[in-house]
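4 protein chains.
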Amino acid sequence: MDKYDNISPLDFRYYSSEEVFSRLSPYLSERAFVNYQLKVELSLIKALSKKKICSSKAAKEAEAAIKKVKVEDIYEEDKKIKHYTKSVVNLIRKNVSDESKPFIHLTATSFDIFDTANALRFKDATKKAILPELLNLEKNLIKIAIREKNTLQIGRTHGQHAVPITFGFALSEYVSRIGYSIKKIKEASDNVVGKFSGAVGAYNASSLFFGNPEEFEFLVLKELGLKPATHSTQIVEPEFNLDLIHSIISAFGVLANLADDMRHLQRSEINEIAEEFEKEQVGSSTMPHKRNPWNFENVKSMWKEFMPRITTIYMDQISEHQRDLTNSASQRFMPEIFAGFLDSILRLNKLLNKLIVNKECMIKNFEMSKDMIIAEPLYILLSYYRHPNAHEEIRKLTLESQQRKIPLKDLVFKDDNLKRYLSKFNKKQIEIIKNPERYTGIAAKKAEKVCRYWEKELSSLA
Amino acid sequence: MDKYDNISPLDFRYYSSEEVFSRLSPYLSERAFVNYQLKVELSLIKALSKKKICSSKAAKEAEAAIKKVKVEDIYEEDKKIKHYTKSVVNLIRKNVSDESKPFIHLTATSFDIFDTANALRFKDATKKAILPELLNLEKNLIKIAIREKNTLQIGRTHGQHAVPITFGFALSEYVSRIGYSIKKIKEASDNVVGKFSGAVGAYNASSLFFGNPEEFEFLVLKELGLKPATHSTQIVEPEFNLDLIHSIISAFGVLANLADDMRHLQRSEINEIAEEFEKEQVGSSTMPHKRNPWNFENVKSMWKEFMPRITTIYMDQISEHQRDLTNSASQRFMPEIFAGFLDSILRLNKLLNKLIVNKECMIKNFEMSKDMIIAEPLYILLSYYRHPNAHEEIRKLTLESQQRKIPLKDLVFKDDNLKRYLSKFNKKQIEIIKNPERYTGIAAKKAEKVCRYWEKELSSLA
Amino acid sequence: MDKYDNISPLDFRYYSSEEVFSRLSPYLSERAFVNYQLKVELSLIKALSKKKICSSKAAKEAEAAIKKVKVEDIYEEDKKIKHYTKSVVNLIRKNVSDESKPFIHLTATSFDIFDTANALRFKDATKKAILPELLNLEKNLIKIAIREKNTLQIGRTHGQHAVPITFGFALSEYVSRIGYSIKKIKEASDNVVGKFSGAVGAYNASSLFFGNPEEFEFLVLKELGLKPATHSTQIVEPEFNLDLIHSIISAFGVLANLADDMRHLQRSEINEIAEEFEKEQVGSSTMPHKRNPWNFENVKSMWKEFMPRITTIYMDQISEHQRDLTNSASQRFMPEIFAGFLDSILRLNKLLNKLIVNKECMIKNFEMSKDMIIAEPLYILLSYYRHPNAHEEIRKLTLESQQRKIPLKDLVFKDDNLKRYLSKFNKKQIEIIKNPERYTGIAAKKAEKVCRYWEKELSSLA
Amino acid sequence: MDKYDNISPLDFRYYSSEEVFSRLSPYLSERAFVNYQLKVELSLIKALSKKKICSSKAAKEAEAAIKKVKVEDIYEEDKKIKHYTKSVVNLIRKNVSDESKPFIHLTATSFDIFDTANALRFKDATKKAILPELLNLEKNLIKIAIREKNTLQIGRTHGQHAVPITFGFALSEYVSRIGYSIKKIKEASDNVVGKFSGAVGAYNASSLFFGNPEEFEFLVLKELGLKPATHSTQIVEPEFNLDLIHSIISAFGVLANLADDMRHLQRSEINEIAEEFEKEQVGSSTMPHKRNPWNFENVKSMWKEFMPRITTIYMDQISEHQRDLTNSASQRFMPEIFAGFLDSILRLNKLLNKLIVNKECMIKNFEMSKDMIIAEPLYILLSYYRHPNAHEEIRKLTLESQQRKIPLKDLVFKDDNLKRYLSKFNKKQIEIIKNPERYTGIAAKKAEKVCRYWEKELSSLA
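The listed protein sequences correspond, in order, to chains A, B, C and D. The numbering of the first sequence is the numbering used here, which starts it at 44 and goes up by one. The numbering of the second sequence is the numbering used here, which starts it at 44 and goes up by one. The numbering of the third sequence is the numbering used here, which starts it at 44 and goes up by one. The numbering of the fourth sequence is the numbering used here, which starts it at 44 and goes up by one.
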């Protein structure tokens, strides 16, 4: 079997791309998972040795033996005995002295190893691969948001022109939402827990040796940098991993929203941004002129693939009594979510690096609605200056403007009923009515503020 | 239309039950929502008055006017003008002097009101209805877990007898998971935010009046006990509400797991717990002898109904540009999730109050596997005492025991090869092999510890 | 409790709108459900009478008694005895002579009644409410598609201008997909089944009286116009209802896609269609000039609310042994899906009736890309006339055209290398290159064909 | 990268198992997909040749060239030009004469090839791999159901003993539901369609050459054994693939239900079935005596992984205008659903082959409730013989029986009030009351009937 004999697009395409693979394979491939399990087995025997249950020689032998265990051999053994963890144990035992054999895996149940190894690799993948790239994305966004903080853009609600903002302000929305996402992912990954409480969580086996088996559990996990769950059965409480996946899926939703915004801004009629094309890149197989936003579309598409998978994790919260195994196969798919997410982060990062901002188009689009934009400040200021029914008045004038094709501004300044109100407007207010491009509120300032806030907030993580 | 003309089972059955309704209707009915919007409008005009944009008289008039607004009238007006928020505004304006009219809703956009009102009522519903009842459930569970901390029960993995625990220990799993859920729900509800940043989030309107419109936003929200989002568009960042719903759905999964455990323990063959039946209650329409665990089944069923709905909230993260309205109708359904969840909490609480624990059945079930249970401590201790291949040895003896129908214990103590290992067992270890009911690890102690931990951890909320 | 005390937006807003309510309440309100159950009980006693198990007098008494049963009384009784179906039975029995009492519900289990009543009302709701309105929508679409079959519109892929079509062709996509949806919904609703096989599906009770209890089941169901399932347990096989819900959710997806297309065509920059506003309608609370496509947005939003609910139905496929009750509460929510769907159908229908097609904008948008459009036919024809590398050649010319701001057509006709190929083009082909608006393929013809096909295909349903 | 460097459990574990891989890789690996695309390109050029657009020599050259194209080269090319289909085209063109080059892919758009290739491989995978194995499973189930049609088993509702059935009857539920699933999957796979209507579905390109381009499309697809969609845009209507996936997910739910039933019947306390263990198989890493139903658990777990993925397909129904690409990456994952499903079918098939039915345990469990079982027939017969309140009467006697620990039967036959009714019971009825094991209705007959029905119904597929 080679790469293209695989069925998962992750394995033949996305995860296996050099960028994703180099970042995630140390944590998330099946090979890596085996290494993590071995690491946990090692931590266990070291603790047994510290607690004088076995000799330090046994721990050293195990350490050497573990280096010889290969994932291929485990799968070979598993085919025979149909027990994955026992296969791992058998292979370690094969390479230690008879004297040391009994201490491999002693007091542990399969899921002491499994769940602890998973916690560890999910934490590592998050901290060493996901968060650094998400921080890169955040920095990139901040850079562009600051750069474009004064770039006039029409604000859009319902796909309709509303009142103006700046493009930097629009991007600062994502600075803020991704900043928050980073914080939540960080928190959730700090919270994952391991366990060494045995087959049903009551420390039945380890209490054969230890008066305080929770202290022993603490010792094993400490070496790995993990805390134990407050309570566990055969498995750790599922809510910690669920919270981590939720934080990722929630962040993925933010990326999908960003991608949607970007691809709509590339619509032929809008054309406010573009993606720089590489020289040899082909836009369409039959329409050579097209520049399709397929990278942004890809991010949205990956979100559609991975978002629903959290439903599996919600279903996996339910495990009967001290556990059933109906979460076992499904849990093996969990790493894929990290891979899909990282692929989209990296893709967006590359896209932002070659993002072209068409300021002229932004202005052109703004100009389309320039006249109508003043409806809002007008109605508000008229209200303020005591017009009893400003919203309705302006609504009618806009209709009249559209029907008679006379600019709203002209209708307004010629309207006898409005004169006495308009005369009360202060200078700044009149300026805005006359120059709607100034009606951007505090867009530029806010863009900057949001960027600086998150820069500082995340500085400890960078 | 009366109750039974409704289509939603919440409205004709679950939410409308006295218990749920009395707790949630002040926050979550449509009537309540209108009241919350009015509250927000009032906070706005009060802030306008504080900032001298309008007179204090206007604020007072508004306060009086607001009391007269009825949800029925709003719906009437909405039918005419097809704009919900504008209908609310019109109705307030109708009841104030001409002079005050312009200041109603001044500087606000519909979703300044909507999103802020939603944040407020979700927060209130969580703190005043959901959390107190969840704390009651937790207390109830703690009480029973402590009471049953020494009640012997066979531990079960894969539906198979494993090694023994205590029933209190089994319940302490849920004490821990619900405790954690309470913490997370609390955190998430503390995090919801309001907004007063106008139509596209850039404070376009409010900056017509204020040099620092963020400070004005802060003022309006402070009165309501809310913080503003770091950034907003026409709407607040969706991740805060999503996190709240996630914390609820995650907790709902814990309840569903508890319910599943309880209903399986009621299986005819297991029969370890029962639900006290009321005198007139009918078990089955054709099988009068049956005692069906339909309340626990109901909790699982409600989870199946509401869990998938978080997918809607994940989809609603995506809103184009400064917002589209494709999250509007869907968002209106969000309160239902609270109602479904509360119904299940109250149901479980009532169930726990009449939970019958059949200790004799627990012992009877334990006795079934009593002999086989020692396989685990045996293999572990044999390993410890240097048996080179204990797991395999014991596995074979268990097969022999099953085939020859001779107790495993007898086979073990008669096995010549094992003698020299058994002679090394210390007294406590021999006791466990001879009395497997003592092989419960630290189940009782752990049950108590978990309960006390969460009692303390949650004491500030109670 | 009145309407606005409800929590479900269906009950206070969508389902309770006159249009939806008048169509669906006879089938889907709780009141209606009770009526359906009574109908099934009546069919049962009639069959018992036909089979001489009871007298025809008993059947007549039951018929009279059933008319007196009110949903309110059932809920009252249920509160006491905690058994819904038994409550129904008790209330019927109360109104018949002692002699007839025993025959009410005789041989039936609750879910014989429940599942049969559900099948019946879902079938009725589909055939009498959903399908007629969906057919109306289809007719409306056909009318517009035919009317606009020659209206030039730029085709769009990836939000980018591609090659031209006609607006009627674009709409005929939905004629086709909705046509197919109607067929599938019809099929699925024809397939729902009832059951009268007793508590575990083995006809235990009815075979106390009948040698061939399946024939008795057939008799009861025939009166109701239903077939029995091939096999049933306490409940009917869940796949029939699931298929019906799937056909609805799939159709809902088509509506959502139509809505998305329509709202994007309303974007300020595109402006190809519009929704006629009513005179008093308000566009925005602060931006009086806006015409938001909120009805189309609403359809998308309702899809987001209801699509995920099919996950519940997929989960409800699993019921332990001869059934557990974990699908009971969840199943009660199933009617809501019909209500959400019908609301969207009716909304779209109304929208189509006031759809404004801006042909000038369509032409204007087409003109934007007019020149580039010829890239496709050019490259294809060049290939055909033996140009060895036409796609690449044209791609380069489009880049040159964009950079030098010279029309592609001019570059092409001036290109010495292309001359010898262009000279081979036949007249029609040259015409298309010179008049790209003719490059619409068979758009108009296809639009007509699709419409006529579905008109005929669905004529038996209309 | 080798197998264990993959991240997808399908690729390193499930799909790559010999059994699944040998069945599905000809259709579903990336390598296979490329072959299918080449097949479609070939069909296209053959049709062009038939229609005299190109020479038959060109078609022959293409046929030879296509054999040389390797997936690895396509990925190499794609890296350079970032266009997958164009890469395929380039590689074919490289291996034909200059003269033939222009005709490769002529008139086609990428998704003419993609969607047609997908339809074809999904159809093939379904018919050649999925359906045959599902039919095997059905046959296996039928064999066992017939064999066990008379094996007494207690029927269970709510996990509680209800009235008796036979184990064959219980299995015939799955014979029926899987039979129906097979029929629906077959139908849905017959319905998938291809397309050759060009970039926006209006046959713009092909109508440059053909007066009736639909006839040309028909020709290309006929060679492949496919029909065209009634309408297409750049892509085929998504509902056909969705219906196929729905039919698979629905069938998967049936398998999950079967697995759940089987694993619960293996509970230690119930123990009615068992899975024969292989000699070297290990039950638990710490509890050597355990026989865990992990294969059945695996089926449930795989269902939990794959069921939610249909949400992606529902979301992919929505594609803007003549298509956007947000369904592209997500669609690539669709084949995984087939693989997960087939793995579970094969697993269940193997499990059924080594299913041990513990008839004694079935009898033992039945005996537990033997006495109470008669409550149902008693109450029904008493009703029939004119007891005015039989249900209530029997309910009270069952309570009395439980409290006084006197068999219900004894209470009944000693009850003075019941005597006059009991005396009317006919012989068969009295026999059932005295021998509740006869109260199995028509379980055995129905089991047989259901099996024979589906045997016949599916005979044309076998």
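Backbone N, C-alpha and C fix where the C-beta goes; we use that ideal spot for every residue, glycine too.
Residue pairing from DSSP leaves residue 406(D) without any beta-bridge partner.
Taking 8 Å as the CB threshold, residue 112(C) stays off the interface with chain B. Taking a Cβ-Cβ threshold of 9 Å, none of the residues of chain C is close to residue 405(A); the smallest such distance is about 11 Å. Chain C has a Cβ within less than 8 Å of the Cβ of residue 354(A). Comparing alpha carbon positions, the residue from 430(D), 415(D), 447(D), 463(D) closest to residue 477(D) is 415(D). Within 10 angstroms of the beta-carbon of residue 473(D) lie fewer than 16 other beta-carbons, which makes it exposed. Interface annotation, residue 305(A): not in contact with chain D, CB-CB separation never under 8 Å. The continuous beta strand (DSSP E) containing residue 199(D) extends over residues 195 to 200. Annotated three-state conformation of residue 209(B) is strand, per DSSP. Runs of the alpha helix (DSSP H) spanning 4 or more residues and lying entirely within the region 342 to 399 of chain B occur at 353 to 358, 371 to 375, 377 to 396, in chain order. At a C-beta separation below 8 Å, residue 202(B) has these neighbours in chain D: 306, 307, 309, 310, 311, 336. Nearest in C-alpha terms to residue 222(A), of all of 497(A), 503(A), 502(A), 504(A), is 497(A).
The region 352 to 370 of chain A and the region 281 to 299 of chain A touch, with no fewer than 3 CB-CB distances between them shorter than 8 Å.
As summarised for the region 67 to 137 of chain B, the continuous alpha helix (DSSP H) elements at least 4 residues long and confined to that stretch are 73 to 93, 99 to 111, 114 to 124, 127 to 137, given in chain order.
Residue 107(A) counts as exposed, since fewer than 16 other beta carbons sit within 10 angstroms of its beta carbon.
As DSSP reads the structure, residue 271(A) sits in a beta bridge with 237(A). Counted as a single uninterrupted DSSP element, the stretch harbouring residue 245(D) is not any beta strand (DSSP E), since DSSP gives it neither H nor E. For the 8 Å CB-CB criterion, residue 365(A) and residue 273(A) do not form a contact. If you keep only unbroken alpha helix (DSSP H) runs of at least 4 residues inside the region 403 to 451 of chain C, you get 418 to 427, 433 to 447. By the Cβ-count criterion, residue 445(C) is exposed, with fewer than 16 other Cβ atoms from all chains shown falling within 10 Å of its own Cβ. Around residue 275(B), no beta-carbon contact reaches into chain D at under 8 Å, the shortest distance being about 26 Å.
When secondary structure is reduced to three states using DSSP, residue 279(B) falls in the strand class. Neighbourhood of residue 340(C) in chain A, by CB distance below 8 Å: 201, in chain order. Here residue 309(B) carries a coil assignment [DSSP, helix/strand/coil]. Only residues of its own chain outside the window of five on either side were considered, and among them 241 have a CB closer than 6 Å to the CB of residue 247(B), listed in chain order.
Where residue 498(B) is concerned, the enclosing alpha helix (DSSP H) starts and stops at 486 to 500.
For residue 126(B), not one C-beta of chain A is nearer than 8 Å to its own C-beta. For residue 176(C), there is no enclosing beta strand (DSSP E); the enclosing alpha helix (DSSP H) has its first and last residue at 174 to 190. The Cβ neighbour count for residue 113(A), taken over all protein chains shown within 10 Å, is under 16; the residue is labelled exposed. The region 154 to 167 of chain B makes no contact with the region 182 to 200 of chain B, as fewer than three CB pairs between them are under 8 Å. Closest in alpha carbon position to residue 439(D), among 491(D), 427(D), 429(D), 458(D), is 458(D).
Within the DSSP bridge table, the entry for residue 315(D) names no partner. For residue 141(A), there is no enclosing alpha helix (DSSP H), as DSSP gives it neither H nor E.
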